[in-house]
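*Asks:*
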Amino acid sequence: MLYFSPSRIEHFTDNQIILELEEKFKRVFNNSNYKTILEIRKDVFVSKFKIEVTLHTANLIVDFWKYFFSMAFFEPLMI
31 MLYFSPSRIE HFTDNQIILE LEEKFKRVFN NSNYKTILEI RKDVFVSKFK
81 IEVTLHTANL IVDFWKYFFS MAFFEPLMI
């Protein structure tokens, strides 16, 4: 399992690419693996995401880097 926290939408990526990525992400983001923690504006937010690592995960991570301005990877503490 891979955990990360994206924090806002990238403003240097072309708008058409952003729209295409949003359509792609709609199939990946859902209530069980994505949660918004704080939303300042529609494009500025703090959230957490988890995804099971598969053969397709590497390509998805590259897409996340095109879409999100910042991503922090972490390992959750299980207490």
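Residue 92 in our numbering sits at position 62 of the sequence shown; the count goes up by one each step and never skips.
Glycine included, each C-beta is placed from N, C-alpha and C at the ideal position.
Looking at C-alpha atoms only, which residue of 86, 102, 38, 108 is the closest neighbour of residue 58?
*Replies:* Locating residue 58 in the sequence shown gives position 28, where the first residue counts as 1. Nearest C-alpha to residue 58: 86.
*Asks:* Return the chain-ordered list of same chain residues with a C-beta closer than 6 Å to the C-beta of residue 92, the five sequence neighbours on each side being excluded.
*Replies:* The count along the sequence shown starts at 1 and reaches residue 92 at position 62. Once the five neighbours on either side are set aside, residue 92 has no close Cβ partner at all.
*Asks:* What are the partner residues of residue 39, as DSSP defines its beta bridges?
*Replies:* As a working mapping, residue 39 is identified with position 9 in the sequence shown. Note: residue 39 sits in a beta bridge opposite 98.
*Asks:* Can you look up residue 55 in the DSSP assignment and give me helix, strand or coil?
*Replies:* Translated into positions along the sequence shown, residue 55 becomes position 25. Three-state DSSP puts residue 55 in a helix.
*Asks:* In whole angstroms, what is the alpha-carbon distance linking residue 82 and residue 45?
*Replies:* Within the sequence shown, residue 82 is the residue found at index 52, counting from 1. Within the sequence shown, residue 45 is the residue found at index 15, counting from 1. Rounded to the nearest angstrom, the two C-alpha atoms are 28 Å apart.
*Asks:* Compute the Euclidean distance between the alpha carbons of residue 78 and residue 47, then round it to the nearest angstrom.
*Replies:* Along the sequence shown, read from residue 1 onward, the residue named residue 78 stands at position 48. Along the sequence shown, read from residue 1 onward, the residue named residue 47 stands at position 17. About 22 Å.
*Asks:* Between the Cα of residue 98 and the Cα atoms of 104, 52, 65, which residue gives the shortest distance?
*Replies:* The residue given as residue 98 occupies position 68 in the sequence shown. Nearest option by C-alpha distance: 52.
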